[in-house]
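A short write-up of the structure that comes next.
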Amino acid sequence: MPVVVVLSCVAGLVGTGCVAIAAGHGPRACRAVYGASLVLSLAALAAALVALLDGAAGPSATVLPLGLPWLGAQFRVDALAAFFLVTVNLGGAAASLYGLGITGEPAPHRVVPFFPAFLAAMNLVVLADDAFTFLFSWELMSLASWALVMAHHREHDNARAGYVYLVMASFGTLALLLAFGLLAGADGGYGFADIRAAAPTPLVAGLVLGLVLLGAGSKAGIVPVHVWLPLAHPAAPSHVSALMSGVMTKVAVYGLVRVAFDLLGEPAWWWSMVVLALGGATAVLGVLYALMQHDLKRLLAYHTVENIGIIYIGLGLALAFKADGMGLAAALALTAALFHVLNHSLFKSLLFFGAGAVLAATGERDMERLGGLIRRMPLTAVAVLVGCVAISALPPLNGFVSEWLTLQAILQSPQLPQWGLKILVPAVGGLLALSAALAAACFVKAYGVTFLGRPRSPQAETAREADRFALAAMAAFAGLCLLAGILPGLVIDGLAPVAQALVGQRMAPQLGQPWLSIVPIGESQSSYNGLLVFAFIALSASMAIYAIHRWASRAARRAPAWDCGFPEASPATQYTAGSFAQPIRRVLGTGVFRAREHVDMPPPGDPRPARLTVDLRDLIWDGIYAPIARAVGFAADRLNHLQFLTIRRYLTLVFLALVTLLLVLALWV
Amino acid sequence: MGVIADILVQGAQMALVLLLAPMLTGFVRKVKARLMRRRGPSLVQPYRDLVRLLRKEVVLADNASWLFRLTPYLIFAATWVAASLVPTFATGLTFSWTADLIAIIALLASARFFLALAGMDVGTSFGGIGSSREMMISSFAEPAMLLIVFTLALVAGSTQLSSVAVYMASPQVGLRVSLGLAAIALVMVAIAENARIPVDNPATHLELTMVHEAMVLEYSGRHLAMIELASSLKLLLFVSLIACLFAPWGLTVAGGGIGAYAVGAAAYGAKLAVGGVLLAVFETGIAKLRVFRVPDFLGAALMLGLLATLLLFVSRSL
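Protein sequence lines, in the order shown, are assigned to chains P and E. For what it's worth, this note's numbering labels the leading residue of the first sequence as 786, then goes sequentially. For what it's worth, this note's numbering labels the leading residue of the second sequence as 233, then goes sequentially.
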């Protein structure tokens, strides 16, 4: 019974959190908590893997006498839940491993109790099989992560990040609450089995989808409800940032998949239009925002927004194909989206671990003060390089495989009958390609400015290599990125039961293909073999190295950099993150961010330095959130007068309210 | 026996692209020189340059890292693998299914990613300017390329280059508006990808106009030789790609025998020559664009690609 094993692990995690409050916060207590989290996550991971791969077992369910008295707390592990449990616990185990090596955490008592609780809550969301348990766990996940975001609450801007996160999380839960209320109907059948049995009318189903896109989408970081994410994710300690970006956003994706593919029954075709449009916009805007950032962790957080967009594109395609009865194509699109879920959790966690190692070694998140770390932190540099190549969707690593599958799914779409989709899908394909290319630019910038070049500050010059636990966590995920990239058939076959359960068909088995290729539709249509591509590149590169060193020349001499004959001594003359992004900012940013450059050039004879400043505006914040905040402030100011009335006036108000309510009641009934 | 013969033919293709690539570069240079009433260097000059560079010692900047030293080989390997997967004289070779057109484009993107990183490794301003502009150009070239791939895949029902080439050679294709648009867009993308005029100038030594040359400014000796060879391979790859997609005549099918292979190889040589002459004429006749005009150029390619795809989505017969 996998559900029992995972639930026991969750109970263990909750217990660890409670003990951590009592046990104090010395280094040994912290290590014990992270050690326990690691062991429990690994156990849950093993149980979830067994549940996913053992197709014959079927779903396993249990009811605990908690929660609503007539309902109990229902839990169930089916193929979909098992896959997301794998993702959650894989990320959780790596973050715990990273946590083992943390020294010098300024406020461990604000981190250690909430860390296992956060892991437990994410597991519970995926396990839940009734609306009450789902929402309760969802809120627990929000609050635990909020507490972790506020761990360093005295740092600049962190309090604001926590506030925005709390507001957006409450808003998201409210939307989900309404969605489940609509799903459960007037009789209050809150169990997922009851919801599945009751077929909602098209209007209700559409409303529910909209609410879930708002609720789960805000947690996942869909534009325009993403604003909290780039504030909150970087504010948390780095291993928690990895969990929030790599894993919690995936739990949010799970929420959408569970409702849209499972609970709502048959989809309508126009749902996919909404999801595809949101996904395309999110992918491109996310990466553009990321390109403009100089803060390493914030850049990574904006990249999460981009990748969620890519996942949504896959899900939208799957909805379209499912609605039009194209089961095989739907299975392909859904597999692509879920493959990207796993991939993103791998490389985004890896990159956040790397950013954490850089932060711990230098105390800097600002890329403009880093540089040259490849010489000071060689092992971290290798692992982060793997993550950068993977997230830029370059072969032979894993990010490419899932984007390739998504593109193959897009190529299936001309057979869709609806005109809206026929026109939207190729445009979204173009947006997907644009976001992939921009992601490569963004990670050349991030890696080049942080790890390459010359150190731009004394801290970067004296950085030390990360500790062995952080290195182990990064190495494990870098290895998994490579493994999933060269043996994608393993993952695709592992995802087959999920596709079978959600869209009624599965992709053809891939592991039986010759040479371990992947063939999504048919051999004459498309195929890709990561293993051979990797082997060919490795082989020809080493052949070239051997031949040249053997027969041509192996002499090398060190000398000052050439730089066209004018080597400049100061590291400040290097290209910075801002200057790297300048061409793209000039081309795309003038429209998207209203980017304006101001040159302050003093007249001849004035000894002031010349200055170039760039103005970037976040149009989504200015256009949506700022007006709402102003309206709330305005209303609060007006209503504030009510606090200073005399007792007579209060009594009058109470009386008037009573009369009005009675009148309404009388007229209503 | 059959398997060994197949692998031999595949190996012959790999050797062929490697050997022909410098020749094509030399040929384009020669034709350009003749068009400008110069004599130009001989056709084998690129080979001589490569041998000379390979024999020289490498001068590394003081702070160059291992990434800087490894990158030339990685770029060469990725480009070589990509170039050997494009049909040259025959379709359906043993390993042709290893990567489809999307994967070949992505392999080139991998090579570019590492080259851009190497440009930033030493920490000079020229390396940075080259990397930054190269990534800006590729940000527009790649989506355009992908939309072209969409067009081809929708027409031929496959992203597998061999299948597409076979389909293009068959009489059922006919003239299509979409394919015409895609061909123009592909040529524009190929010019940008290969750093040719009007996007970039492969012969420039004026620093502020360099893109590709600025990234490789710090390279010397065998490293520079690898990068030069990779650039030649990339040019050959794009000419082969355009030839096998839009001029698939003379392509033979794997297993056709020595005679068929010879015909295919002769046809391939002729196509390369025609492609080289056209490129030289185009480059001679046009001036280089300002860097910030390049997005307009590639934006046009992007729009052509999108138009071609949309036409196909809207009507399967255009």
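Just so you know, even glycine gets a beta-carbon here, dropped at the ideal spot from N, CA and C.
Close Cβ partners of N1128 of chain P (< 8 angstroms) along its chain, the five nearest in sequence each way excluded: Result list for N1128 of chain P: A1175, N1183, G1184, V1186, S1187, C1266 and A1269, in chain order.
Enumerate in chain order the residues of its own chain whose CB-to-CB distance from L882 of chain P is below 7 angstroms, with the five nearest sequence positions on each side excluded. If we look at L882 of chain P and ignore the five residues flanking it on each side, its Cβ neighbours are L823, F1254, A1257 and A1258.
Is G412 of chain E close to chain P, meaning its C-beta is less than 8 angstroms from at least one C-beta of that chain? The beta carbon of G412 of chain E sits no closer than 8 angstroms to any beta carbon of chain P.
Measuring alpha carbon to alpha carbon, tell me which residue in P:W1055, P:F1138, P:A1411 and P:R1415 is nearest F1262 of chain P. The closest CA to that of F1262 of chain P, considering only P:W1055, P:F1138, P:A1411 and P:R1415, is found on P:F1138.
I think R287 of chain E touches A1341 of chain P, with their Cβ atoms under 8 angstroms apart; what is that distance to the nearest whole Å? Actually they are not in contact, since the Cβ atoms of R287 of chain E and A1341 of chain P sit about 13 angstroms apart, beyond 8 angstroms.
May I ask you to check if the CB of V1186 of chain P is nearer than 7 angstroms to at least one heavy atom of the ligand NAD? Among the ligands in the structure shown, none appear at all, so the ligand NAD cannot be discussed.
Taking C-beta pairs closer than 8 angstroms, name the residues in chain E that W1189 of chain P reaches, listed in chain order. What W1189 of chain P touches in chain E: I334, A335 and A338.
State the DSSP-derived secondary structure class of Q1078 of chain P, mapped to helix, strand or coil. Reduced to three states, the DSSP call for Q1078 of chain P is coil.
May I ask you to list, following chain order, the residues of the region 1364-1379 of chain P that have a beta carbon less than 8 angstroms from some beta carbon of chain E? Cβ contacts with chain E: S1364, F1365, A1366, Q1367, P1368, I1369, R1371 and V1372.
Would you check if the distance between the CB atom of M1058 of chain P and the CB atom of L1206 of chain P is smaller than 8 angstroms? The answer is yes: Cβ separation under 8 angstroms.
Under the assumption that S1220 of chain P contacts G1094 of chain P (Cβ atoms under 8 angstroms), give the Cβ distance between them as a whole number of angstroms. Between G1094 of chain P and S1220 of chain P the Cβ distance is about 7 angstroms, and since that is below 8 angstroms, they are a contact.
What would DSSP say about L407 of chain E, mapped onto helix, strand or coil? In the three-state scheme derived from DSSP, where H, G and I count as helix and E and B as strand, L407 of chain E is classed as coil.
So, are the CB atoms of V997 of chain P and A1066 of chain P less than 8 angstroms apart? No, the Cβ-Cβ distance between V997 of chain P and A1066 of chain P is not below 8 angstroms.
Can you give me the C-alpha to C-alpha distance between P278 of chain E and L256 of chain E, rounded to a whole angstrom? Just so you know, the alpha carbons of P278 of chain E and L256 of chain E end up roughly 9 angstroms apart.
Counting along the chain, where does the alpha helix (DSSP H) carrying E1308 of chain P start and finish? Looking at the DSSP string, E1308 of chain P is not in any alpha helix (DSSP H), and its letter there is neither H nor E.
Less than 8 angstroms between the C-beta atoms of V421 of chain E and M377 of chain E, yes or no? V421 of chain E places its beta carbon less than 8 angstroms from that of M377 of chain E.
Counting only C-beta atoms, is G1233 of chain P closer than 8 angstroms to chain E at any point? Interface annotation, G1233 of chain P: in contact with chain E, CB-CB separation under 8 angstroms.
For the region 277-288 of chain E, list every residue whose C-beta sits within 7 angstroms of some C-beta in chain P, in sequence order. Residues L286, R287 and K288.
Cβ neighbours of P1015 of chain P in the same chain (closer than 6 angstroms, five flanking residues each side left out): Close CB contacts of P1015 of chain P within its chain, under the 6 angstroms cut and outside five residues either way in sequence, are with R1083, A1086 and Y1087 (chain order).
Can you confirm whether the region 903-915 of chain P touches the region 870-877 of chain P when touching is taken to mean that 3 or more C-beta pairs between the two stretches lie within less than 8 angstroms? By the Cβ criterion, the region 870-877 of chain P is in contact with the region 903-915 of chain P, since at least three pairs of Cβ atoms, one from each stretch, lie closer than 8 angstroms.
Please go through the same chain and pick out, in chain order, the residues whose beta-carbon is closer than 6 angstroms to the beta-carbon of G1099 of chain P, but skip the five residues on each side of it. Cβ within range, chain order: A1118, A1121, A1122 and T1191.
Rounding to the nearest angstrom, what Cα-Cα distance links Y399 of chain E and A388 of chain E in this structure? Taking the straight line joining both Cα atoms gives about 6 angstroms.
How is the beta strand (DSSP E) around Q1285 of chain P delimited, first residue to last? Per DSSP, Q1285 of chain P belongs to no beta strand (DSSP E); it is in the alpha helix (DSSP H), P1273 to V1288.
Where does R783 of chain P fall in DSSP's three states? This structure leaves residue 783 of chain P out entirely; chain P is present only between 786 and 1454.
Classification of V546 of chain E by the beta-carbon crowding that lies within 10 angstroms, buried from 16 upward: Exposed: under 16 other Cβ atoms inside 10 Å.
With 8 angstroms as the threshold, decide whether the Cβ of I361 of chain E is near any Cβ in chain P. In terms of beta-carbon proximity, I361 of chain E lines the interface with chain P, with at least one pair separated by less than 8 angstroms.
Helix, strand or coil at V1234 of chain P [DSSP, three-state]: Correct three-state label for V1234 of chain P: helix.
So with Cβ pairs under 8 angstroms, would you call S1312 of chain P a contact of chain E? Interface flag for S1312 of chain P against chain E is set, since a Cβ pair is found closer than 8 angstroms.
On the DSSP bridge assignment, give the partners of S845 of chain P in chain order. The partner list for S845 of chain P (beta bridge, DSSP) reads P:V862.
Give the DSSP-derived three-state secondary structure of D1151 of chain P in the structure shown. Collapsing the DSSP output to three states places D1151 of chain P in a strand.
Could you tell me which of P:P1368, P:I1369, P:G1390 and P:T1398 sits nearest to R1381 of chain P, measuring between CA atoms? For the residues P:P1368, P:I1369, P:G1390 and P:T1398, the minimum Cα distance to R1381 of chain P belongs to P:T1398.
For a contact meaning CB atoms closer than 7 angstroms, what does D463 of chain E contact in chain P? Strictly speaking, residue 463 of chain E in this sequence is Ser, with Asp absent from that position. Going along chain P, no residue has its Cβ under 7 angstroms from S463 of chain E, so there is no contact; the nearest lies around 15 angstroms.
Straight-line Cα distance separating V276 of chain E from L285 of chain E: Their backbone Cα atoms lie some 14 angstroms apart in a straight line.
Using 8 angstroms for Cβ pairs, my map puts M366 of chain E next to M447 of chain E. What's the rounded Cβ distance? This sequence places Glu at residue 366 of chain E; Met is not what is there. Correct: roughly 6 angstroms between the Cβ atoms.
Around the C-beta of S1355 of chain P, are 16 or more other C-beta atoms found within 10 angstroms, so that it is buried, or is it exposed? By the neighbour-count rule (16 or more Cβ atoms within 10 Å), S1355 of chain P is not buried but exposed.
Sorted by chain position, which residues of the same chain lie with C-beta nearer than 7 angstroms to A1116 of chain P's C-beta, five sequence neighbours on each side aside? The residues are A1284, V1288, Q1290, R1291 and M1292.
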